[in-house]
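Residue numbers (the working numbering): 169 to 456. Think of the CB as a built atom: it goes at the ideal place given N, C-alpha and C, for glycine as much as any other residue. Reading through the structure tokens given below for one structure.
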């Protein structure tokens, strides 16, 4: 799985799940053979109840997609995370994305035991997620080293923004797949040893994302993708990507759940310009 899409969760204006838009989004990804990651930070999982999350996973699995489904496992409660993994075992998903514990800032021993416990329960391939900007701590190198040989440690998603740290992960073991978790850093992280991308921008540009992953050295595309990624990162994810998806009518509404708000998108007036810029992608074969 070289490319996975970190899927948004579409909501209706009353903040309930918009299942029609959700199916449209997943079919959009299926056409380009992308795996999907549900209920990560892009999917606003922390704002959803356990019942809502299960309904989303159940609905996605009922679509019989021809691409793998990976489900996010966030939180700080080991019991709740374990129960969520147990719930998901009832569905034909491919595996899990297990986030570094948020807010509690454990040391290396606590973090290692946390991941080991959840990997033992997973019984499916799992991707460990380094996201220090949200969790408050990095995914420690010693934790990765200790767990590298675990049979369910399939991959590592690195959204830490440090090329040096990415290199250290890549040099540690060939037993797991290293995924870039930042659209704009794909070329640099590929050079460091990343072999896959978990993308936010592929929600709206799945074909372009596939071409981007297959040819990270195309300078014109790299510059264009980096510019759009920079625009996206002006505000907290998934505010901007939802605005783009709604503008392009991939989803019906740009609704977010508090504490996220579409009013925090200060660059909304530039959405048509961003769409126009990405329309140049199809001419990129003339720019090498």
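Practice task
Look up residue 428 in the DSSP assignment and say whether it is helix, strand or coil.
Solution key: coil
Practice task
Classify residue 218 as buried or exposed, calling it buried when 16 or more other Cβ atoms lie within 10 Å of its own Cβ.
Solution key: exposed
Problem - Residue closest to residue 287, alpha-carbon to alpha-carbon, out of 252, 378, 408 and 237 - result: 252
Exercise for the section: Tell whether a beta-carbon distance below 8 Å holds between residue 295 and residue 347. Expected result: yes
Practice task
Please confirm if residue 329 has its CB atom under 8 Å from at least one CB of chain D.
Solution key: No chain D is part of this structure, which consists of one protein chain only.
Practice task
Taking the CB atoms as reference points, tell me whether residue 351 and residue 367 lie closer together than 8 Å.
Solution key: Annotated as proximal: residue 351 and residue 367, with beta-carbon spacing under 8 Å.
Problem - Per-residue DSSP class, three states only, for residue 334 - result: helix
Exercise for the section: Using DSSP bridges, identify the partner residues of residue 294. Expected result: Per DSSP, 264 and 321.
Exercise for the section: Please go through the same chain and pick out, in chain order, the residues whose beta-carbon is closer than 6 Å to the beta-carbon of residue 454, but skip the five residues on each side of it. Expected result: Interpretation of residue 454 is limited by its pLDDT of 49, a score under 50 that renders its predicted location unreliable; the figure taken from the coordinates is listed afterwards. Nothing listed; no residue qualifies.
Exercise for the section: Answer yes or no: do residue 270 and residue 240 have a C-beta to C-beta separation smaller than 8 Å? Expected result: no
Handout entry: heavy atom of the ligand GDP below 7 Å from residue 173 C-beta
Key = Summarising the ligand content, the structure contains no ligands, and the ligand GDP is consequently not present.
Exercise for the section: Rounded to whole angstroms, what's the CA-CA distance from residue 193 to residue 236? Just pull it up for me. Expected result: 15 Å
Handout entry: Top-ranked residue by Cα proximity to residue 273, from 304, 262 and 249
Key = Among 304, 262 and 249, the Cα nearest to that of residue 273 is on 304.
Handout entry: Supposed close pair residue 264, residue 227 - CB separation, criterion 8 Å
Key = Residue 264 to residue 227, Cβ: 18 Å. No contact.
Practice task
If I'm right that residue 400 touches residue 365 with Cβ under 8 Å, what's the distance once you round it to whole angstroms?
Solution key: With 8 Å as the limit, residue 400 and residue 365 do not qualify as a contact, their Cβ atoms being about 14 Å apart.
Problem - Delimiting residues of the beta strand (DSSP E) encompassing residue 345 - result: 345–348
Problem - Distance between beta carbons of residue 355 and residue 377, contact taken as under 8 Å - result: Between residue 355 and residue 377 the Cβ distance is about 14 Å, and since that is not below 8 Å, they are no contact.
Practice task
Measure the beta-carbon distance from residue 413 to residue 176 and round it to whole angstroms, keeping in mind my assumption that it falls under 8 Å.
Solution key: 7 Å
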